[in-house]
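Colleague: The sequence shown lines up with residues 1 to 765 when you count with UniProt numbering.
A virtual CB, placed ideally from N, CA and C, is assigned to each residue, including glycine.
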Amino acid sequence: MDLTSERLRRCFSPCNFCAAPHGEARDHKLHKHRNIITTDSYVTVVVPQATIARTHVVKNSQNPRWNYRFHLQLAHPCSELEFHVKDDDVFGAQLVGKAAIPAEKIASGEVLSGWFPIVGPGGQTPKPDTALRLEMKFIAVDKNPRYLGVTDTYFPLRKGSKVTLYQDAHVPCGSLPEIQLDGSMVYKQPQCWEDLCYAISEAHHMIYIVGWSVFHKIKLVREPTRPLPRGGDLTLGELLKYKSEEGVRVLLLVWDDKTSHDKFGISTVVGTVFTHHQKCVLVDTQAPGNNRKLTAFMGGLDLCDGRYDTPEHRLFRDLDSCFKDDFHNPTFPAGTKAPRQPWHDLHSRIDGPAAYDLLINFEQRWRKATKWKEFGLRLKKVSHWNDDALIKIERISWIVSPPLSVTKDDPIVHVSGEQDPENWHVQIFRSIDSGSLKGFPKTVGKCQAQNLTFSKNLVIDRSIQTAYIQAIRSAQHFIYIENQYFVGSSYGWPSYQNAGADNLIPMELALKIAEKIRANERFAVYVVMPMWPEGDPKSEVVQEILFWQSQTITMMYGVVAEELKSMQLQGVHPQDYLNFYCIGKTEEAPPEMLSGNGQQVSESAKRQRFMIYVHAKGMIVDDEYVIIGSANINQRSMAGTKDTETAMGAYQPHHAWAVNKRHPRGQIYGYRMSLWAEHLGGLQQTFEEPESLDCVKAVNNIAEENWRNFSDPDFLKLQGHLLKYPYQVDMDGAVSPLPGSENFPDVGGKVLGAHSIKIPDILTT
1 MDLTSERLRR
11 CFSPCNFCAA
21 PHGEARDHKL
31 HKHRNIITTD
41 SYVTVVVPQA
51 TIARTHVVKN
61 SQNPRWNYRF
71 HLQLAHPCSE
81 LEFHVKDDDV
91 FGAQLVGKAA
101 IPAEKIASGE
111 VLSGWFPIVG
121 PGGQTPKPDT
131 ALRLEMKFIA
141 VDKNPRYLGV
151 TDTYFPLRKG
161 SKVTLYQDAH
171 VPCGSLPEIQ
181 LDGSMVYKQP
191 QCWEDLCYAI
201 SEAHHMIYIV
211 GWSVFHKIKL
221 VREPTRPLPR
231 GGDLTLGELL
241 KYKSEEGVRV
251 LLLVWDDKTS
261 HDKFGISTVV
271 GTVFTHHQKC
281 VLVDTQAPGN
291 NRKLTAFMGG
301 LDLCDGRYDT
311 PEHRLFRDLD
321 SCFKDDFHNP
331 TFPAGTKAPR
341 QPWHDLHSRI
351 DGPAAYDLLI
361 NFEQRWRKAT
371 KWKEFGLRLK
381 KVSHWNDDAL
391 IKIERISWIV
401 SPPLSVTKDD
411 PIVHVSGEQD
421 PENWHVQIFR
431 SIDSGSLKGF
441 PKTVGKCQAQ
451 NLTFSKNLVI
461 DRSIQTAYIQ
471 AIRSAQHFIY
481 IENQYFVGSS
491 YGWPSYQNAG
501 ADNLIPMELA
511 LKIAEKIRAN
521 ERFAVYVVMP
531 MWPEGDPKSE
541 VVQEILFWQS
551 QTITMMYGVV
561 AEELKSMQLQ
571 GVHPQDYLNF
581 YCIGKTEEAP
591 PEMLSGNGQQ
601 VSESAKRQRF
611 MIYVHAKGMI
621 VDDEYVIIGS
631 ANINQRSMAG
641 TKDTETAMGA
651 YQPHHAWAVN
661 KRHPRGQIYG
671 YRMSLWAEHL
681 GGLQQTFEEP
691 ESLDCVKAVN
701 NIAEENWRNF
711 SDPDFLKLQG
721 HLLKYPYQVD
731 MDGAVSPLPG
741 SENFPDVGGK
751 VLGAHSIKIP
761 DILTT
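#1: Where does the unbroken alpha helix (DSSP H) through residue 552 begin, and where does it stop?
#2: Among the residues of its own chain, which have a CB less than 6 Å from the CB of residue 465, if the five just before and after it don't count?
#3: Short of 7 Å in beta carbon distance, which residues of its chain neighbour residue 410, apart from the five on each side in sequence? Order them along the chain.
#4: Just checking my contact of residue 723 with residue 706 at CB under 8 Å: how many whole Å lie between their CB atoms?
#5: Counting only runs of 3+ residues fully inside the segment 706 to 744, write out the beta strand (DSSP E) ranges in chain order.
#6: Which residues in the same chain have their Cβ closer than 7 Å to the Cβ of residue 27, if we skip the five residues on either side of it in sequence?
#7: With a floor of 4 residues, list each alpha helix (DSSP H) that falls wholly inside the segment 37 to 125, ordered by position along the chain.
#8: Return the CA-CA distance between residue 128 and residue 278, expressed in angstroms with no decimal places.
#9: As a quick exercise: from 50, 78, 75 and 87, pick the residue whose alpha carbon is nearest that of residue 43.
#10: For residue 456, would you say it is in contact with chain B, using Cβ-to-Cβ distances shorter than 9 Å as the test?
#11: Where do the N-terminal and C-terminal ends of the beta strand (DSSP E) with residue 667 fall, by residue?
#12: Going by beta carbon distance, what residues of the same chain come within less than 7 Å of residue 615, once the five residues before and after it are set aside?
#13: Under a Cβ-count criterion, where at least 16 other Cβ atoms within 10 Å of its own Cβ denotes burial, should residue 649 be classed as buried or exposed?
#14: Tell me residue 610's beta-bridge partners as DSSP assigns them.
#15: Which residue spans inside the segment 141 to 179 form an unbroken alpha helix (DSSP H) run of at least 4?
#16: With distances taken from CA atoms, which of 495, 516, 458 and 444 is nearest residue 479?
#17: Just the C-alpha distance for residue 171 and residue 307, rounded to the nearest angstrom, thanks.
#18: Taking just the CA atoms, how far does residue 725 sit from residue 710?
#19: By a C-beta neighbour count over all protein chains shown, 10 Å radius and 16 as the cutoff for buried, is residue 49 buried or exposed?
#20: Compare the Cα-Cα distances from residue 52 to each of 677, 501 and 562 and report the closest residue.
#21: What residue ranges within the segment 432 to 496 form continuous alpha helix (DSSP H) runs of no fewer than 4 residues, ordered along the chain?
#22: Taking 9 Å as the threshold (C-beta atoms), are residue 131 and residue 118 in contact?
#23: Take every Cβ of the segment 239 to 254, pair it with every Cβ of the segment 354 to 373, and state whether three or more of those distances are shorter than 8 Å.
#24: Taking C-beta to C-beta, are residue 360 and residue 155 nearer than 9 Å?
#25: Closest to residue 315 by CA distance: which of 337, 295, 302 and 296 is it?
#26: Counting only the same chain and skipping the five closest in sequence on each side, list residues whose C-beta sits under 6 Å from that of residue 109.
#27: Apart from the five residues just before and just after residue 286, which ones in its own chain have a Cβ nearer than 8 Å to its Cβ?
#28: Which two residues bound the contiguous alpha helix (DSSP H) that contains residue 197?
#29: Within a Cβ cutoff of 8 Å, which residues of the same chain sit near residue 512, ignoring the five residues on either side of it in sequence?
#30: Excluding the 5 residues preceding and the 5 following residue 113 in the sequence, name in chain order all residues of the same chain whose CB lies nearer than 6 Å to its CB.
#31: Using DSSP with H/G/I as helix, E/B as strand and the rest coil, what is residue 408?
#32: Please report the residue range of the alpha helix (DSSP H) in which residue 645 lies.
#33: Taking the beta carbon of residue 266 as the centre, do at least 16 other beta carbons fall within 10 Å, making it buried, or is it exposed?
#34: Using a Cβ-Cβ cutoff of less than 6 Å, which residues in the same chain neighbour residue 208 once the five nearest sequence positions on both sides are dropped?
#35: Please state whether DSSP places residue 570 in a helix, a strand or coil.
#36: Applying the 10 Å Cβ sphere with the 16-neighbour rule, what's the burial state of residue 544?
Right under this line is the structure:
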């Protein structure tokens, strides 16, 4: 409604916004209104400092009917749940009134149904017949059934799959220990970029790449463990050009584009709003017989400079060989002598039905990105079958493909049977809205049928956050997280509660620990994150992100400490349950690095140390469920309306606690133990049971000693790479810097960060 019509409405009409009909049959009869100027109305569901849901806008109606169903995840301290009725206006929404339902009444678990009076913004008595029709039922977490798959999502759980889990871009043979699994099997670390190079080199029909950044000059294979495939010695750009010239369809969707498509004759589409942060490579690979199938690689998969690394995470060595022309360290100005910035990441390969869901995601985004080009082709009456059109795999008989419907599954694309002990179940999740793709339905009913959210004028898929929440709520023993950022649940922060970082993940973790403390059960959460976000740690942007991070962690320790206090547990510390780490490296620098020769030598080079940058985005729950993708734990990645993201959740049904009646030791267990071997410099028997207090203390002892050695002015070697994050946590949950570590070694910047009034919170949360 425009400003003039709003003033007219206030002058000449009562605000019977959502009238409750009179009489016993009020659910079926509508109160008749005069013909007056109407509103463009929608409803938001609100708790203190957070809006947790929105309906779509009903235009030009005095008696709007939303008929909207929400499934709301709640982890908020509140005394009541509010429903705000708003009038959508070109100059901003205006609050018409609100209905409030006491939390105590909701928590009873009874079905609440009826008309709830709307109170105006000033708290005035509701006008006659002004009410909101609601029906709701609260289900406590412990009453929810425990699923490994996530229900009510756009992409359903897919069976009959195979998953390969990767750590870092490359793992040289023999660099990490073999790990014993159930069934006399041994976990062996695969090589991500090498496998990817083989898959691209052997593609016959299609290579689709979606990424935040792609750089054509990188080489995928630098320390080969097997003979190179045809074209394996080429740069990425040369390899893609070579495959394109072979007739393979090569398509790229890139946000931060470092590559001009003119350089190697492939089609590139670049986005510019927020970030398209999804990272995935889709190729056709060999299937049984003479058939082809779809294979997907996904995770923190940036195919650009600075990303190649191994579990050794070298600082100074091999800069003239495998890191030649690939030096990356944005902490320092160009021309400064400094260590390279080591890069740690998590990736996965998916074979089976879920790979086709990632193809649907790519096609939906491609059609949106190329819509104006398609419009031009229609005007020119040019055929759509051109060199950058999407391959229609259903028309190629030897490429196995499922039905076009998202919801249907087809055993023809299964790559393993349900009786196979190494079978996987896989599900694809996203953070994305209708502004970033073409293919979402446009009506509320169809959106709800496809498990999408219709919020005001956007259709949203935020299933990544849903997947994290369900996995945390289902956890029974421990949770292990590696993530580039850790910010959220701002409604519970000590300050700046209206910062807008409303994602529930940090609060859900804290509440899970509190639940286990109440039940007198062991539980442990381990979180690995970078020492600081990439860039200069003294910059305002990085300092503000660190400030939000410290607010998040302070909130979590406060919840845990309060529960310990309420249970009157003596001698128990919050860090017996919850711990945060970073990773770093010390390595002797060659003499030429330490001699200036006219160049500035960084303190990090002089001290021969630097952080290992954690770019990973993954979570392991109870060694039976894993999430890996592109999504950070912050509002940008979890909102669904900001950065676009993909993730996969997967498990092996034959390697689960419920099936084995003990700790499962399948591929996910092997993966977690392999990561710990990388970070902790080897394996101990106590690492096999991460929830145990003995394991928590063993890990913390190594991390604390490593931090002391890393921050020491003298050069000292580390056991592995895991460092205690330089926080000190008191018994009451208060968080402060470790004494003597108020600022990061060598580079400066406050460990707790600092808030900036110059930077919009939406950019840093």
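Modeller: So, to answer that:
#1: 540 to 566
#2: 503 and 638
#3: 402 and 403
#4: 5 Å
#5: 722 to 724, 727 to 729 and 735 to 737
#6: Only weak support is given to the placement of residue 27: the predicted model assigns it a pLDDT of 43, under 50, and the value that follows is read from those uncertain coordinates. Nothing meets the Cβ criterion.
#7: 103 to 107
#8: 51 Å
#9: 87
#10: Looking at the structure shown, chain B is missing, and only one protein chain is on hand.
#11: Looking at the DSSP string, residue 667 is not in any beta strand (DSSP E); the run it does join, the alpha helix (DSSP H), is 667 to 680.
#12: 300, 343, 344, 345 and 484
#13: buried
#14: 585
#15: none
#16: 516
#17: 13 Å
#18: 12 Å
#19: buried
#20: 501
#21: 444 to 449 and 463 to 474
#22: yes
#23: yes
#24: yes
#25: 337
#26: 138
#27: 202, 292 and 293
#28: 192 to 201
#29: 472, 473, 475, 479, 523 and 525
#30: 135
#31: coil
#32: Counting along the chain, residue 645 falls outside any alpha helix (DSSP H), though it belongs to the beta strand (DSSP E) covering 645 to 651.
#33: For residue 266, the predicted model reports a pLDDT of 48, less than 50, meaning its position is unreliable and no value from the coordinates is stated.
#34: 251, 282 and 362
#35: coil
#36: buried
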